[in-house]
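Asks:
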Amino acid sequence: MTATSPHSGAPLVALRGVGKAFPSGTLALAGLDLDVRDGEFLALLGPSGCGKSTALRIIAGLTEPTQGAVEWPAAARTANANRLGFVFQEPTLMPWANVANNVLLPLKLKGVAADAAGARVDAALERVGLQKFAKAYPRELSGGMRMRVSIARALVTEPALLLMDEPFAALDEITRFKLNNDLLQVWQALRTTIVFVTHSVFESVYLSSRIVVMAARPGRVFAEVAIDAPYPRDQNFRTSAEYAALCRRTSEALAQAMAAGGAP
Amino acid sequence: MTPRGSTQERRDRALRIVLPVVVLALSLAIWELVVRVGGIPPYVLPAPSLILQTFIADGALLTQSLMVTLLTTLEGFALAAIGGVGLAVLFNQSRLVEYSLYPYAVILQVTPIVAIAPLLLIYMPQQLAVLTCAWIVAFFPVLANTTLGLNSVDRNLADLFALYGASRGRVLWNLKLPSGLPYILGGLRIAGGLSLIGAVVAEIAAGSAGAGSGLAYRIVESGYRLNIPRMFAALVLLSIAGIVIFYLLAFVNHIALRRWHESAVEAGN
Numbered sequence: 006m007t008a009t010s011p012h013s014g015a016p017l018v019a020l021r022g023v024g025k026a027f028p029s030g031t032l033a034l035a036g037l038d039l040d041v042r043d044g045e046f047l048a049l050l051g052p053s054g055c056g057k058s059t060a061l062r063i064i065a066g067l068t069e070p071t072q073g074a075v076e077w078p079a080a081a082r083t084a085n086a087n088r089l090g091f092v093f094q095e096p097t098l099m100p101w102a103n104v105a106n107n108v109l110l111p112l113k114l115k116g117v118a119a120d121a122a123g124a125r126v127d128a129a130l131e132r133v134g135l136q137k138f139a140k141a142y143p144r145e146l147s148g149g150m151r152m153r154v155s156i157a158r159a160l161v162t163e164p165a166l167l168l169m170d171e172p173f174a175a176l177d178e179i180t181r182f183k184l185n186n187d188l189l190q191v192w193q194a195l196r197t198t199i200v201f202v203t204h205s206v207f208e209s210v211y212l213s214s215r216i217v218v219m220a221a222r223p224g225r226v227f228a229e230v231a232i233d234a235p236y237p238r239d240q241n242f243r244t245s246a247e248y249a250a251l252c253r254r255t256s257e258a259l260a261q262a263m264a265a266g267g268a269p
Numbered sequence: 053m054t055p056r057g058s059t060q061e062r063r064d065r066a067l068r069i070v071l072p073v074v075v076l077a078l079s080l081a082i083w084e085l086v087v088r089v090g091g092i093p094p095y096v097l098p099a100p101s102l103i104l105q106t107f108i109a110d111g112a113l114l115t116q117s118l119m120v121t122l123l124t125t126l127e128g129f130a131l132a133a134i135g136g137v138g139l140a141v142l143f144n145q146s147r148l149v150e151y152s153l154y155p156y157a158v159i160l161q162v163t164p165i166v167a168i169a170p171l172l173l174i175y176m177p178q179q180l181a182v183l184t185c186a187w188i189v190a191f192f193p194v195l196a197n198t199t200l201g202l203n204s205v206d207r208n209l210a211d212l213f214a215l216y217g218a219s220r221g222r223v224l225w226n227l228k229l230p231s232g233l234p235y236i237l238g239g240l241r242i243a244g245g246l247s248l249i250g251a252v253v254a255e256i257a258a259g260s261a262g263a264g265s266g267l268a269y270r271i272v273e274s275g276y277r278l279n280i281p282r283m284f285a286a287l288v289l290l291s292i293a294g295i296v297i298f299y300l301l302a303f304v305n306h307i308a309l310r311r312w313h314e315s316a317v318e319a320g321n
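So the protein sequences, as listed, match chains P and Z.
Using the working numbering, the first residue of the first sequence is number 6, and each one after it goes up by one.
Using the working numbering, the first residue of the second sequence is number 53, and each one after it goes up by one.
#1: Would Z:N305 be called buried (16 or more neighbouring beta carbons within 10 Å of its own) or exposed?
#2: How would you label Z:A142, buried or exposed, when you count the other beta carbons within 10 angstroms and need 16 or more for buried?
#3: Let me confirm a value: Z:W312 is counted as buried when at least 16 other C-beta atoms fall within 10 Å, else exposed. Which label applies?
#4: Would you call Z:E314 buried or exposed, if buried means 16 or more other Cβ atoms sit within 10 Å of its Cβ?
#5: In this structure, how does DSSP classify P:F201 when only helix, strand and coil are distinguished?
#6: Measure from the C-beta of P:W101 to each C-beta in chain Z and report whether the shortest distance is under 8 Å.
#7: Can you find a CB in chain P that lies within less than 8 Å of the CB of Z:G239?
#8: Straight-line CA distance for Z:L240 to Z:L131?
#9: Any idea if Z:G262 is buried or exposed, counting beta-carbon neighbours within 10 angstroms, 16 or more meaning buried?
#10: Since P:A228 and P:A262 should fall inside the 8 Å C-beta cutoff, what is the C-beta to C-beta distance between them, to a whole number of angstroms?
#11: Between the region 57-76 of chain P and the region 279-288 of chain Z, do at least 3 Cβ pairs fall closer than 8 Å?
#12: Which class does Z:F191 belong to by DSSP, given the choice of helix, strand or coil?
#13: What's the gap between the Cα of P:W77 and the Cα of Z:R147?
#14: Just checking: is the beta-carbon of Z:A214 within a distance shorter than 8 Å of some beta-carbon in chain P?
#15: List the residues of chain Z that P:Y142 touches, going by C-beta distances under 8 Å, in chain order.
#16: Measure from the C-beta of P:L49 to each C-beta in chain Z and report whether the shortest distance is under 8 Å.
#17: Tell me whether P:D40 sits in a helix, a strand or coil according to DSSP, three-state version.
#18: If contact means a Cβ-Cβ distance below 8 Å, which residues of the region 197-221 of chain Z contact chain P?
#19: Measuring CB to CB, does P:L166 end up less than 8 Å from Z:L215?
#20: Kindly list, in the order they appear in chain P, the residues whose Cβ is closer than 7 Å to that of Z:P98.
#21: According to DSSP, what are the bridge partners of P:D170?
#22: Please return the same chain residues whose Cβ sits closer than 6 Å to the Cβ of P:V133, not counting the five positions on each side in sequence.
#23: On the criterion of 16 or more Cβ atoms from any shown chain inside 10 Å, does P:M6 qualify as buried, or is it exposed?
#24: So, are the CB atoms of P:E171 and P:T198 less than 8 Å apart?
#25: Quick check on DSSP: helix, strand or coil for Z:L71?
#26: Could you give the distance in angstroms between the alpha-carbon of Z:A112 and the alpha-carbon of Z:A140?
#27: So for P:M152, helix, strand or coil by DSSP?
#28: Using a C-beta to C-beta distance shorter than 8 Å, which residues of chain Z count as neighbours of P:F182?
#29: Taking 8 Å as the CB-CB limit, is Z:P230 close to chain P?
#30: Going along chain Z in order, which residues have a C-beta closer than 7 Å to the C-beta of P:A65?
#31: Which value, in whole angstroms, describes the spacing of the CA atoms of Z:A169 and Z:V253?
#32: Got a sec: is the Cβ-Cβ distance from P:K137 to anything in chain Z below 8 Å?
#33: Counting C-beta neighbours from all protein chains within 10 Å, is the total for Z:L171 16 or more, i.e. buried, or is it exposed?
#34: Applying the 10 Å Cβ sphere with the 16-neighbour rule, what's the burial state of P:N107?
#35: Roughly how many angstroms separate the alpha carbons of P:E257 and P:S29, rounded to a whole number?
#36: Please specify which runs of the beta strand (DSSP E), each continuous and at least 3 residues long, are wholly inside the region 141-191 of chain Z, giving them in chain order.
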């Protein structure tokens, strides 16, 4: 179904029957099967409490599943070891460090030599349009700019897989649209794989090549919607009939998922 | 910012300096007047003018004593800073060490220093005992605040460090210590004042044993000799020393945090 997409391919990472029970007894995920294909822009869409953020943290290795396994096909594992990027809902910058040093952090932690790292920091900042703000401190920036720094920091290691946990949820709509467009550009330029958690139907349809709709109690995959519209996508796509139809289809899938997951 | 706002702000700042000075001048004037009109003898209450004269007359002696007390305070403060931060880092890295030692740190803190000082004087050379007192009083706030700071790390940032495989040392140096810095500096500000208190208390306890030449000892000695003006002069010096320590540490705090922490950035920035 995504065979026409230039970004389809073998799974980069696969969740097999993944379950996650918290010590409190809450079952966040149960029997979750999910393939993340190399090069795709995958959106995880669902109501709050459906475990989509937990699934993302499990892929990142920040949380261990209590059942099932996360599989990285052997080839992908060696090539992509440590090549993960993570963008949180909050910009999560170090307030005591300026923009350049925040973006430098992943390279510093990986022990990349300072001069090589400097060039990569500059490149990452240029990619998000913040090269002039390298010396600024996070608190001197707007919310949208802070999120750009956060994205630059995730990109600086040239990750094979970029995990994003509702990164634009706290931003105003104008800023969000702008960042949506910029993110698509970055994705196409870098040919990286993105898993993007969101609870916005419109955002998921606009951005992704495939949407996995999740249901809650316990969190599981409920439906899948392929978004075959070609890239690059822009304002024309946002106002097209095709976009509206896809949004309707996705909304219906989400409504069914919420009905299946019981009242929140 | 509107010009009106800035004018008002400037006036506000001027008032903050002028008003306390006016209060001081008025109080001193009334004090002087009461002593003169009432004919109160100097061994009961010396007039401010007499205290000032004593200041000048005994200047060399008092300055010498001030230096002794300040040196003890500074050493106590330095040891408290190193010991407090060091112990907090150790607690943070090893739960076993924390469980083993924390109760004793609390005991050391809650036992009044006035009660410990005489005991220390029995077992230690006087200078060391005084220093130990300054340290005991000052180190706990540093320990408690640093512990709080090291545990106040943003969870997402901690996850990010884990994601990139940061070592424990890296997490401590690049994450926990910087994010705990405002708390550590807060602890040091408290410790600055307390190390002076610790030094004074110990000097007073030691003073009754005879030797000693710090400022607090001068106060005790002057008391015995009914040299009340000198008592006041020494007290004023101690107070000034405390104020200087407080503002020095506040200044360090401001310099370290002004670019990023909400407590230190200028309003409207």
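Cβ coordinates follow ideal geometry from the N, Cα and C atoms, glycine included.
Quantities reported herein were computed from a predicted structural model and do not represent experimental measurements.
Replies: Reading from the atomic positions:
#1: buried
#2: Per the sequence shown, the amino acid found at residue 142 of chain Z is Leu instead of Ala. It is exposed - the Cβ of Z:L142 has fewer than 16 other Cβ atoms within 10 Å.
#3: buried
#4: exposed
#5: strand
#6: yes
#7: no
#8: 11 Å
#9: Unreliable placement is indicated for Z:G262, whose pLDDT of 48 sits below 50; the coordinate value is still reported in the next sentence. Z:G262 is exposed by the Cβ-count criterion.
#10: Between P:A228 and P:A262, the beta carbon gap of about 7 Å places them in contact (Cβ cut-off 8 Å).
#11: no
#12: helix
#13: Just so you know, the alpha carbons of P:W77 and Z:R147 end up roughly 35 Å apart.
#14: Yes, its Cβ sits closer than 8 Å to a Cβ of chain P.
#15: R311, W312
#16: no
#17: strand
#18: Listed by position along the chain: D206, N208, L209, D211, L212, F213, A214, L215, Y216, G217, A218.
#19: no
#20: Correct list: empty, because the minimum Cβ distance to chain P is about 51 Å.
#21: P:V202
#22: Closer than 6 Å at Cβ, skipping near neighbours: R153, I156, A157.
#23: Model confidence at P:M6 stands at a pLDDT of 35, short of 50, so the residue's coordinates are unreliable and nothing is read from them.
#24: no
#25: If DSSP states are grouped into helix, strand and coil, Z:L71 belongs with the helices.
#26: Each residue's Cα considered, the two are about 41 Å apart.
#27: helix
#28: Chain Z residues near P:F182: none, gap ~25 Å exceeds 8 Å.
#29: yes
#30: L215
#31: 8 Å
#32: no
#33: exposed
#34: By the neighbour-count criterion, in which a residue is buried when 16 or more other Cβ atoms sit within 10 angstroms of its Cβ, P:N107 is buried.
#35: 32 Å
#36: none
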